[in-house]
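Just so you know, this note's numbering puts the end of the sequence shown at 819, numbered straight through with nothing missing.
Here a beta-carbon is modelled for each residue, glycine too, at the ideal position from N, C-alpha and C.
Source: prediction; values computed, not measured.
Before any comments, here is the structure.
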Amino acid sequence: MKNAPSFLGYSRLDAEITAHTIDHREQIDLSTDHAVRTPDQPLYRNLFAPTQWPSPSYMPNFKPVYSEYITLMGGISIFFTSLIAEAIGLPATAFNKYFDKNQQHKLKIVKYPDLKELGLWKEGEEVPEGQGVGPHKDSMFTSYLLQVTKHRGLQVQNLKGQWIDCPPIDGTLVVAIGQGMEALTQGVCMSTTHRVLSPAPGSGARFSVPFFQGVSLDAEFDELNDLEGGGGVGKVPEEIREMRRKVVARNGGRLDDVEFTFQGGHGARTLGEATLKNRIKSHPDVGERWYPEILAEIRAQQKRERDEAGRKKAAVPHPAQDGAPVAGGLGRAVEAH
483 MKNAPSFLGY SRLDAEITAH TIDHREQIDL STDHAVRTPD QPLYRNLFAP
533 TQWPSPSYMP NFKPVYSEYI TLMGGISIFF TSLIAEAIGL PATAFNKYFD
583 KNQQHKLKIV KYPDLKELGL WKEGEEVPEG QGVGPHKDSM FTSYLLQVTK
633 HRGLQVQNLK GQWIDCPPID GTLVVAIGQG MEALTQGVCM STTHRVLSPA
683 PGSGARFSVP FFQGVSLDAE FDELNDLEGG GGVGKVPEEI REMRRKVVAR
733 NGGRLDDVEF TFQGGHGART LGEATLKNRI KSHPDVGERW YPEILAEIRA
783 QQKRERDEAG RKKAAVPHPA QDGAPVAGGL GRAVEAH
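Below is the structure:
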């Protein structure tokens with residue numbers, strides 16, 4: 483992957499970081515193929531590129547199978563998004579303006595080695611909790627996970643902050659809501675905080691295939707958030723928003739381990755700029771080679787956030803001690819994949 487500014491291709495074991503901690507997984511990132519960025523296009527257009535496919539001489543069916551899967555899942559994801567719009571009182575076409583004609587969608591093939599293979603456990607020792615991938619929210623609208631093996635490990639976090647197992651069920655996909663969907667639906671469709679624990683010692687590797695619905699990277703945050711000026715997808719009806727508020731209240735507020743980073747762009751003007759920064763944050767080896775100045779800015783910002791979080795932690799009782807929900811902006815992870 484580090485050979486490509488697109489972040490497409492193979493990523494070795496322990497190369498990715500989530501929640502400021504190394505993820506014990508290896509993966510290959512695939513995408514619908516696009517032309518290489520031209521100099522007149524914005525830098526985030528580097529994310530659009532031909533995929534680094536495995537050689538057909540070794541794996542002749544790999545590209546045809548996964549290209550077809552990406553295409554089929556792209557159609558399913560856009561149709562499913564129209565159903566979400568209708569379910570919350572919006573026109574079925576509400577999200578359409580955020581999809582390009584030749585929309586880029588992405589897919590990963592992920593291997594999570596078990597704790598014994600990772601060398602994190604030895605016979606007679608207590609079994610640790612390995613981080614396959616740390617707590618995070620996906621970035622955009624929806625994502626769809628095919629759990630290939632029978633391993634447990636995927637967990638989602640409920641409103642009370644509890645981690646709930648999401649075991650594989652034959653013939654199903656796990657659907658996660660992204661931060662973009664939460665922002666555009668005015669909080670009604672809450673983004674899913676999730677993580678993956680490393681498989682138990684001796685149980686073999688866990689494999690999964692997550693598909694990520696793409697959206698137009700040229701969309702601007704000012705337009706996305708300008709409901710009064712006709713931006714976004716339109717206002718969700720008040721009765722629907724009230725239903726969500728009641729659910730949150732019934733659970734005693736929202737305790738979430740992951741900070742919501744989408745709305746406002748955090749200094750980025752477009753979705754593309756924000757997405758590029760998130761990719762650099764998650765894959766610093768790619769950032770060091772292709773985007774050193776942006777990576778330096780990210781690391782400086784992370785240091786400021788750690789310092790600020792440390793000051794707040796010293797000044798405010800911990801939620802576990804006083805029972806209060808975590809306030810927005812105090813989440814410990816900022817990556818979104």
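Taking the beta carbon of residue i as the centre, do at least 16 other beta carbons fall within 10 Å, making it buried, or is it exposed?
i, result
"residue 763", "buried"
"residue 490", "buried"
"residue 734", "exposed"
"residue 773", "buried"
"residue 658", "buried"
"residue 784", "exposed"
"residue 719", "exposed"
"residue 793", "exposed"
"residue 789", "exposed"
"residue 560", "buried"
"residue 760", "buried"
"residue 541", "exposed"
"residue 712", "exposed"
"residue 588", "buried"
"residue 607", "exposed"
Assuming residue i and residue j form a contact by the criterion Cβ under 8 Å, report the distance between their Cβ atoms to the nearest whole angstrom.
i, j, result
"residue 577", "residue 698", "Contact doesn't hold; Cβ gap of about 10 Å is too wide."
"residue 593", "residue 509", "7 Å"
"residue 609", "residue 683", "6 Å"
"residue 624", "residue 702", "Their Cβ separation, rounded to whole angstroms, is 21 Å, which puts residue 624 and residue 702 out of contact at 8 Å."
"residue 635", "residue 503", "About 16 Å separates the two Cβ atoms, so there is no contact after all."
"residue 516", "residue 585", "Between residue 585 and residue 516 the Cβ distance is about 10 Å, and since that is not below 8 Å, they are no contact."
"residue 423", "residue 551", "The displayed coordinates of the chain run from 483 to 819. Any statement about residue 423 would go beyond what the structure contains."
"residue 673", "residue 619", "4 Å"
"residue 497", "residue 767", "6 Å"
"residue 648", "residue 639", "So it is not a contact: roughly 11 Å between Cβ atoms."
"residue 689", "residue 630", "4 Å"
If you compare alpha carbons, which of the options is closest to residue i?
i, options, result
"residue 677", "686, 662, 656 and 545", "656"
"residue 661", "671, 700, 643 and 654", "671"
"residue 538", "524, 548, 567 and 784", "548"
"residue 681", "618, 527 and 613", "613"
"residue 740", "649, 500 and 795", "500"
"residue 563", "696, 606 and 602", "696"
"residue 555", "513, 574, 541 and 520", "513"
"residue 757", "665, 728, 700 and 790", "700"
"residue 470", "694, 705 and 709", "This structure does not reach residue 470, given that the chain is present from 483 up to 819, and the question cannot be answered."
"residue 686", "591, 596 and 601", "596"
"residue 571", "493, 647, 518 and 667", "667"
"residue 641", "632, 796 and 729", "729"
"residue 536", "521, 492 and 797", "492"
"residue 627", "732, 692 and 770", "692"
Once DSSP output is grouped into helix, strand and coil, what is the label at residue i?
i, result
"residue 696", "coil"
"residue 492", "strand"
"residue 575", "coil"
"residue 535", "coil"
"residue 570", "coil"
"residue 508", "strand"
"residue 580", "helix"
"residue 546", "helix"
"residue 772", "helix"
"residue 514", "coil"
"residue 678", "strand"
"residue 639", "strand"
"residue 613", "strand"
"residue 647", "strand"
"residue 784", "helix"
"residue 520", "coil"
"residue 767", "helix"
"residue 562", "helix"
"residue 710", "coil"
"residue 667", "coil"
"residue 716", "coil"
"residue 760", "helix"
"residue 634", "coil"
Identify every residue that forms a DSSP beta bridge with residue i.
i, result
"residue 894", "Beyond the ends of the chain as shown, which are 483 and 819, falls residue 894; an answer cannot be given."
"residue 626", "657 and 693"
"residue 702", "752"
"residue 588", "513 and 694"
"residue 499", "504"
"residue 619", "675"
Determine whether the Cβ of residue i lies closer than 9 Å to any Cβ atom of chain D.
i, result
"residue 707", "The structure shown has no chain D; it contains just one protein chain."
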